[in-house]
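2 protein chains.
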Amino acid sequence: MSAIQSFPQLQETVARLFQSENFLQQPAELYAPIDYTLQLGGKRIRPVMLLASCQLFNGDIAKAYDSAVGIEVFHNFTLLHDDLMDHSPLRRGVETVYRKWDENTAILSGDAMLIMAYQYLCRKPSNRLHDIISTFNNMANEVMMGQQYDMNFESRDDVTVEEYLDMIYLKTAALFNGALRIGALIADAEESQLLPLHTFGRHLGLAFQIQDDLLDTFGNVTTFGKKPGQDIRDNKKTMLLITAIHKASPSQLDELQHWMAAPESDEKVEAVRAIYNSLHIAEDMEQHIASHYQQASQALESINAPDANKQPMQDLMQHLLHRSH
Amino acid sequence: MSAIQSFPQLQETVARLFQSENFLQQPAELYAPIDYTLQLGGKRIRPVMLLASCQLFNGDIAKAYDSAVGIEVFHNFTLLHDDLMDHSPLRRGVETVYRKWDENTAILSGDAMLIMAYQYLCRKPSNRLHDIISTFNNMANEVMMGQQYDMNFESRDDVTVEEYLDMIYLKTAALFNGALRIGALIADAEESQLLPLHTFGRHLGLAFQIQDDLLDTFGNVTTFGKKPGQDIRDNKKTMLLITAIHKASPSQLDELQHWMAAPESDEKVEAVRAIYNSLHIAEDMEQHIASHYQQASQALESINAPDANKQPMQDLMQHLLHRSH
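Protein sequence lines correspond, in order, to chains G and R.
Reminder that position 28 of the first sequence reads as 28 in the working numbering, one-by-one numbering, no gaps.
In the working numbering, each residue's number is its place in the second sequence (first place is 1) plus 1000.
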């Protein structure tokens, strides 16, 4: 067993992994957009999470490097296709692939990225390969389902908080859970530890996504990397909107519904934000986020592992809690 | 060992596999297009090939059922995304997914299909799982590369026969070879048999694709299932066009180049077809096809397996040789 890596060390390890990988192959038309996407950086929180989970259970994180890259490649594949489907012009402050190249490039390069994720995951034989790939398959499938529910909700006015939480579980928390479980499988963690680990990932993912929704509406373009207010433009049924609909007075509800029926505009974003402000929606969201972080924290405490092994995961949580993008 | 299934019996087995599978899950918006695509039928030649390869090496084909479904799901995923990228309105005589639903549905359902292919492939643990998934990964990646080269060639005038053959190897023969190799791995075939099997799949795939190009230009809409002439409309660098450019007189070359620069129209299709006819391009293609079938046949003969086990594969070849779609 090598020494436990701290959270910043794990971040550094993951950064080095990506620097040493060569994603550029032939034909360049297929791989240049993949390399562009993967070298843009981003938080790389999922591969760090996978490694942190592996060392939580005393695993050798070097054995988890390929899977860590694979999970980040998968995540970036979803962003690449999502940006095309949402027609988002910017990601991490630069042009998205479908804008920099074209739609067909975004489709095919995205497909190749999904296959590449599986290539990283299966680079080396492992006696846990079946479990690892099954976990990855379930996770990937859940992310697709979450994306579909998210799209379905755009044209519905009656989305409940429960439905919203189920959707963001699939869209966001499932990927956290996939990363955590794969890290634990590589470390040969005991079966009994996988349930509290799942509870941890679930609450961490929910907190993360509610925070994401909050940042999308109230974030700052410089730190957030894209223009805020897109969820309002798209009538996304976020926790903010669902809560606002519940709390609104009859006249505020009329106003909200007026704006939801209106085409997208800066005025619409400003008006909906003003309603959110008068209803103290941001404060409500902060409470939800804090509550999920606390539940995640409790689940992590209940896992049977040395405190020193848990520290990097706790620091990862703190890092996510204080993020601005 | 159960008895060897004949080619029609294998077709029947594959048809029953698809009838007994339920591709419709929730959310229906995600899975209905997948079910629609997979229940349209088609030749199902790749899963039959996988099973035929398994029994070629005395394998238990029941162990290969999931992989057979997986390979067909993968193939249909590529068609779904290709139809979107090519804006093809018809497939197997009915509307393509992006036309029946919309572009985002085609993107996301296609992604979910690719994941579903991996789910079928990994349904059961196997001591050959690493080999099987690595084969599948390489194959899937080659198909993406082939698709990209095909797209690149559309805007080039100097594609050589060699480049064309490399491209269709990736686009078409790689999938045949993936199916054959996975079937052989499930049967625990000897390593030494995988090379002649690869040669067989390569020539069979090349013959199949040249035939496909021929049908695209000279096929009949009723039996072919889509409007012929699309390759001419798209300026696809098919074996027909490359051969015609080589054989054309200076005045015929001028005429060909005039039409390649022209926007797509029925007139363009007719004119290019007329040039092909005067140059006897269809006859040349028939010769290429026959030559690749013969080389495939020789490779099959050289495989160390009982004649009775080879018969279904030979019948599969004959079936492909005489197809009209």
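Every residue gets a Cβ at the ideal spot worked out from N, C-alpha and C, and that includes glycine.
Just so we're clear, the structure is a prediction, and the values are computed from it rather than from any experiment.
- Within chain G, the residues placing a beta-carbon under 7 Å from that of P1027 (chain R) are M145, Q148, Y149 and N152, ordered along the chain.
- When secondary structure is reduced to three states using DSSP, L1090 (chain R) falls in the strand class.
- With respect to chain G, the C-beta atom of C1054 (chain R) has no partner C-beta closer than 8 Å.
- Look at the stretch 1164 to 1213 of chain R and you find these whole runs of alpha helix (DSSP H), each 4 residues long or longer: 1174 to 1186.
- One Cα belongs to H1198 (chain R), the other to H1087 (chain R), and the distance between them is close to 33 Å.
- Residues of the stretch 1129 to 1144 of chain R with a C-beta atom less than 7 Å from some C-beta of chain G are L1129, H1130, I1133, S1134, N1137, A1140, N1141 and M1144, listed in chain order.
- For D111 (chain G), the neighbours in chain R by C-beta distance under 7 Å run, in chain order, H1081, L1114 and M1144.
- With a threshold of 8 Å between beta carbons, Q119 (chain G) makes contact with chain R.
- Spatial neighbours of L1010 (chain R) in its own chain (CB-CB distance under 7 Å, excluding positions within 5 residues in sequence) are listed in chain order as V1048, L1051, A1052 and P1312.
- In this structure, the CA atom of L1038 (chain R) is about 21 Å from the CA atom of K1227 (chain R).
- Pairing E301 (chain G) with I275 (chain G) gives a Cβ-Cβ distance that is not under 8 Å.
- Secondary-structure assignment with DSSP links E95 (chain G) through a beta bridge to G:L90.
- When the five nearest sequence neighbours on each side are left out, the beta carbons in the same chain lying within less than 8 Å of the beta carbon of L17 (chain G) are those of P47, Y65, A68 and V69, in order along the chain.
- Annotation: I303 (chain G) to L1121 (chain R) spans about 33 Å, alpha carbon to alpha carbon.
- For L1079 (chain R), same chain residues with a beta-carbon under 7 Å away, outside a window of 5 residues either side, are R1091 in chain order.
- Secondary structure at N138 (chain G): helix, using DSSP grouped into helix, strand and coil.
- Within the model, the alpha-carbon separation for H258 (chain G) versus P1027 (chain R) is close to 29 Å.
- Residue contact with chain R for I242 (chain G): absent (no Cβ-Cβ distance below 8 Å to any residue of chain R).
- Between the C-alpha atoms of S109 (chain G) and Y31 (chain G) there is a straight-line separation of about 7 Å.
- Interface residue (Cβ-Cβ distance to chain G less than 8 Å): N1235 (chain R) is not classified as such.
- The Cβ atoms of M1151 (chain R) and N104 (chain G) lie closer than 8 Å to each other.
- The C-beta distance from E142 (chain G) to A189 (chain G) rounds to 21 Å, too long to fall under 8 Å, and the pair is not in contact.
- In this model, L1214 (chain R) and S1251 (chain R) are separated by some 24 Å (Cα to Cα).
- The alpha helix (DSSP H) runs of length 4 or more contained entirely in the stretch 1239 to 1290 of chain R are, from start to end of the chain, 1239 to 1247, 1250 to 1261 and 1266 to 1278.
- Within 9 Å of the CB of M85 (chain G), the CB atoms of chain R belong to E1103, N1104, I1107 and L1108, in sequence order along the chain.
- Taking CB atoms only, L38 (chain G) has no neighbour in chain R less than 8 Å away.
- Counting other Cβ atoms within 10 Å of its Cβ, H1203 (chain R) reaches 16 or more and is therefore classed as buried.
- Under the Cβ distance rule, L1030 (chain R) counts among the residues neighbouring chain G, one pair being separated by less than 8 Å.
- Rounded to whole angstroms, V73 (chain G) and L114 (chain G) show a C-alpha spacing of 7 Å.
- Residue contact with chain G for P1125 (chain R): present (Cβ-Cβ distance below 8 Å to some residue of chain G).
- In the displayed model, G59 (chain G) falls within coil according to three-state DSSP, outside both helix and strand.
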